[in-house]
Amino acid sequence: MYVSSEVVPYLPETEISSMSFEAPKMVNKQGGQIRIFMPRYGNINERRHQLHEVIRLSGINLVINDLDMPLIIKVASIPKERIQVYFIDNEEYFKRKATLTDEDGNLFPDNDERAIFFAKGVIETVKKLNWSPDIIHVNGWMASLLPLYLKEFYKNEPLFNESKIITSIYNQSFDGTLDKNMIGKVKFDNIDEEIIKVLDTPNYNNLMKIAIDHSDALIKGSQEIPNELEDYLKASKKPVLDYFSPEEFAEPYTEFYNSQF
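Counted from 1, the sequence shown has number 62 at position 62 by the UniProt record's numbering; the numbering is strictly sequential.
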């Protein structure tokens, strides 16, 4: 199961969007069962990519900071690859015709709530699919709360008992911080303040630290990552796969996935 903030061909090519396509494509070719989850940003062309709503998966409300937010699930197939992509949608969070920033490059003020909604929305959809993934591979900071929610908020969900979480750490960050009250919104879900205290300053590095803390293994998705995260990875004592280019990642990723069992 791949959970990513961006995937080609639905969004422009970046390190994250490319690897979020290439890695599942590789596993698919090896005969693995693949599903990809990403946000349904408003700048994704639904007609061109043939997205359609899946009524049986939509229609539940997720509580975000004490507000009911309806979850809409859309699905599409990547042409020629026979890979299904599930899009997490909500009118309030994902209708605007942009991904993470406005036209002046400023982060949307509700990006923290969008990240919480995305994490919960992915997990609730997988529950409805009644699918138990062996490996959950997380890419991009918009997906960075997923490991935390799996290990804390959904810790009693038997579907994920055997799932291993791998997070890729990239150099694709953002300036400044998300909403200063992000920690309060995560705490609202009865998540212990002690384990999320770095979210007092919800910047890129601290979001990734939360992901590292709650993952079983890590991958360096960029050749260079921030020194602070490099040190944090070392201190985590968890299995870490070094960076491999798109041309040479297939074998190391396959071995790394297999080594988690």
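Glycine included, each C-beta is placed from N, C-alpha and C at the ideal position. Computed from a prediction, not measured in an experiment: that's the story for all the values here.
Which residues in the same chain as residue i place their Cβ atom closer than 6 Å to its Cβ, once the five residues preceding and following it in sequence are excluded?
{"i": "I165", "result": "I136, P147, S215 and D216"}
{"i": "T99", "result": "Y41"}
{"i": "I210", "result": "L148"}
How many angstroms separate the CA atom of residue i from the CA atom of residue j?
{"i": "N156", "j": "K187", "result": "18 Å"}
{"i": "residue 283", "j": "V75", "result": "Because the chain spans 1 through 261 in this model, residue 283 falls outside it and cannot be assessed."}
{"i": "S132", "j": "V138", "result": "16 Å"}
{"i": "K29", "j": "Y86", "result": "19 Å"}
{"i": "Q33", "j": "I83", "result": "9 Å"}
{"i": "T254", "j": "E248", "result": "11 Å"}
{"i": "M1", "j": "I88", "result": "14 Å"}
{"i": "E224", "j": "V3", "result": "22 Å"}
{"i": "N45", "j": "R56", "result": "23 Å"}
{"i": "L150", "j": "N258", "result": "21 Å"}
{"i": "D134", "j": "E15", "result": "24 Å"}
What are the partner residues of residue i, as DSSP defines its beta bridges?
{"i": "I196", "result": "Its beta-bridge partners do not exist; DSSP assigns none."}
{"i": "S4", "result": "N139"}
{"i": "A76", "result": "V85"}
{"i": "P246", "result": "Looking at the DSSP assignment, P246 forms no beta bridge with any residue, so it has no partner."}
{"i": "L241", "result": "I219"}
{"i": "I169", "result": "K220"}
Is residue i near the ligand FMN, going by C-beta to nearest heavy atom under 6 Å?
{"i": "L207", "result": "This structure does not include the ligand FMN; it has no bound ligands of any sort."}
Using a threshold of 7 Å, state whether the C-beta atoms of residue i and residue j are closer than that.
{"i": "L207", "j": "W141", "result": "yes"}
{"i": "I212", "j": "S168", "result": "no"}
{"i": "K97", "j": "N43", "result": "yes"}
{"i": "G121", "j": "L71", "result": "yes"}
{"i": "F108", "j": "M69", "result": "no"}
{"i": "D179", "j": "D112", "result": "yes"}
{"i": "L229", "j": "N203", "result": "no"}
Among the residues of its own chain, which have a CB less than 7 Å from the CB of residue i, if the five just before and after it don't count?
{"i": "P252", "result": "L241 and F244"}
{"i": "V7", "result": "S17, S20, F21, I36, M38 and V85"}
{"i": "A250", "result": "M26"}
{"i": "P24", "result": "Y2, I34, I36 and I83"}
Leaving out the 5 sequence neighbours to the left and right, which residues in its chain are closer than 8 Å to residue i when beta-carbon positions are compared?
{"i": "L145", "result": "A115, I116, F118, A119, V186, L207, I210 and A211"}
Taking one C-beta from the stretch 186-203 and one from the stretch 227-234 each time, how about it: are there three or more such pairs within less than 8 Å?
At 8 Å Cβ cutoff, the stretches do not touch.
Discussion item. If contact is defined by three or more beta carbon pairs under 8 Å, each pair taking one atom from either stretch, is the stretch 27-42 in contact with the stretch 158-175?
Written reply: Segment contact: the stretch 158-175 against the stretch 27-42, fewer than three CB-CB distances shorter than 8 Å; contact not assigned.
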